[in-house]
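Each remark here refers to the structure printed beneath this line.
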Amino acid sequence: MGKGLDNIVELIDETVKKVALGLYINLNHNSYTYYKKSFKLLVIENPLQAYNLIKEISSSSTARLLFKIICRALNFDSSKIDSIVDFLENGDEKPFKDMIDPIQ
Numbered sequence: 032m033g034k035g036l037d038n039i040v041e042l043i044d045e046t047v048k049k050v051a052l053g054l055y056i057n058l059n060h061n062s063y064t065y066y067k068k069s070f071k072l073l074v075i076e077n078p079l080q081a082y083n084l085i086k087e088i089s090s091s092s093t094a095r096l097l098f099k100i101i102c103r104a105l106n107f108d109s110s111k112i113d114s115i116v117d118f119l120e121n122g123d124e125k126p127f128k129d130m131i132d133p134i135q
């Protein structure tokens, strides 16, 4: 991973840990169990799987909220965050990945 990507991954990790420690532990455990990678990497490499994992462990509203928090932590354009999360909810991860690419 490049330095920019390392920073993004660590920011995601710290953000989720800070706002939802119990959920963070469950997400990492299940991410390693099912996808053989940490949750923070799953968010970057396959945000739709990460989003769906949150929904499976918790709820759709928790997935929406946590991804909004992640988007804000990554300094996504605030006017686009709701629509990015809507796309994830509808099974499309491309807008999220498009916002990650320039940061890397």
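Read in order, the letters of the sequence shown correspond to residues 32 to 135 in our numbering. Glycine included, every Cβ here is placed at the ideal spot set by N, Cα and C. Keep in mind that this is a model prediction, so the values were computed, not measured.
My output table needs one value for residue i: the three-state DSSP class, helix, strand or coil.
i	result
residue 120	helix
residue 108	coil
residue 51	coil
residue 77	coil
residue 128	helix
residue 86	helix
Answer with buried or exposed for residue i, where buried requires no fewer than 16 other C-beta atoms within 10 angstroms of its C-beta.
i	result
residue 82	buried
residue 84	buried
residue 71	buried
residue 46	buried
residue 62	buried
residue 52	exposed
On a Cα-Cα basis, can you pick out the residue from the options that is closest to residue i?
i	options	result
residue 78	108, 101 and 133	101
residue 131	87, 104 and 51	104
residue 129	107, 42 and 86	107
residue 43	73, 66 and 65	73
Residues in its own chain within less than 7 angstroms of residue i by CB, not counting five upstream and five downstream?
i	result
residue 119	78, 79, 82, 98 and 127
residue 55	47 and 48
residue 59	69 and 70
residue 57	88
Take residue i and list the residues in its own chain whose beta-carbon comes closer than 8 angstroms to its own, dropping the five residues that flank it on each side.
i	result
residue 50	97 and 100
residue 91	120
residue 125	118
Cutting at 6 angstroms between CB atoms, please list the residues of its own chain near residue i, excluding the five before and the five after it.
i	result
residue 112	99 and 102
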